[in-house]
Amino acid sequence: MNATHQTRARFTDADARALLAGLAARWDAGDGHGYGELFAPDATYVQFNGVLLNGRQEIAEMHDLMFRTMLYGTRLIAHDIESVRQVGEDCAVVVSTGAALYPWQKEVTPKRLSRQTLILERRDGRWLITGFQNSRIKPFPTSGPLFEVASRAVRLRVDRARRSA
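The UniProt record's numbering numbers the first residue of the sequence shown as 1 and each following residue consecutively.
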């Protein structure tokens, strides 16, 4: 190996845990601007309700607003890191689950659990979040009586629409 070529450190599960802990610490402190600092200046952030935020400043401002209003007093609970995958030297993808809990809540209920996909990029030696997608986990039923009835209803409507087209 050439002495001028140095292998960069890989992004690991420990790095992912540290990053998620940093997000949680800023969230728990109600620090929208500190939360935003973990994102790249040109990051994209898709909230659980589908709202798109563009750039660190917009991410920080929206979280600052939310921490003063609808998310006031919440704490971020990170559950599991489902996967960590490095894609090239300076990019990684992390998939995790978690939820925001209000002070009166003791545990995460299934309807509050979300899955996040984070895209990270190493810039100037620091890992920053460049993409963030947060989605509520709502499993789609694939069996049972309700599934069967819904499947038949969809087929009937599709067939009717095709016949009238």
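Positions of the beta carbon are idealized from the N, C-alpha and C atoms, including for glycine. Model, not experiment: these values are computed from the prediction.
Cα-Cα, which of Leu38, Arg85, Tyr35 is closest to Arg10? Arg85
Length of the line joining the Cα atoms of Leu65 and Asn54: Going from the Cα of Leu65 to the Cα of Asn54 covers about 16 Å.
Which residue or residues does DSSP assign as beta-bridge partners of Gly98? The bridge partners DSSP lists for Gly98 are Ala78, Ser114.
How many angstroms separate the CA atom of Gly34 from the CA atom of Arg26? 6 Å
Any idea if Tyr45 is buried or exposed, counting beta-carbon neighbours within 10 angstroms, 16 or more meaning buried? buried
Using 9 Å as the threshold, is the C-beta distance between Leu113 and Gly98 below it? yes
Three CB pairs or more closer than 8 Å across the region 67-77 and the region 149-165: Contact between the region 67-77 and the region 149-165 is absent, because fewer than three Cβ pairs lie under 8 Å.
Taking 8 Å as the limit between beta carbons, can you name the residues of its chain near Phe48, skipping five residues before and five after? Contacts found: Ser114, Asn134, Ser135, Arg136.
Which of helix, strand or coil does DSSP assign to Leu120? Here Leu120 carries a strand assignment [DSSP, helix/strand/coil].
In the DSSP assignment, what residue or residues form a beta bridge with Leu128? Glu121
Under the three-state reduction of DSSP, which class applies to Asp90: helix, strand or coil? Judged by DSSP in its simplified three-state form, Asp90 adopts coil rather than helix or strand.
Which residue comes first and which comes last in the alpha helix (DSSP H) that contains residue 168? Residue 168 falls outside the range modelled here, since the chain spans only 1 to 165, and no answer is possible.
If you check the beta carbons only, do Ser96 and Glu107 fall under 9 Å apart? no
Note the first and the last residue of the continuous alpha helix (DSSP H) segment covering Phe11. No alpha helix (DSSP H) contains Phe11, which DSSP labels as neither H nor E.
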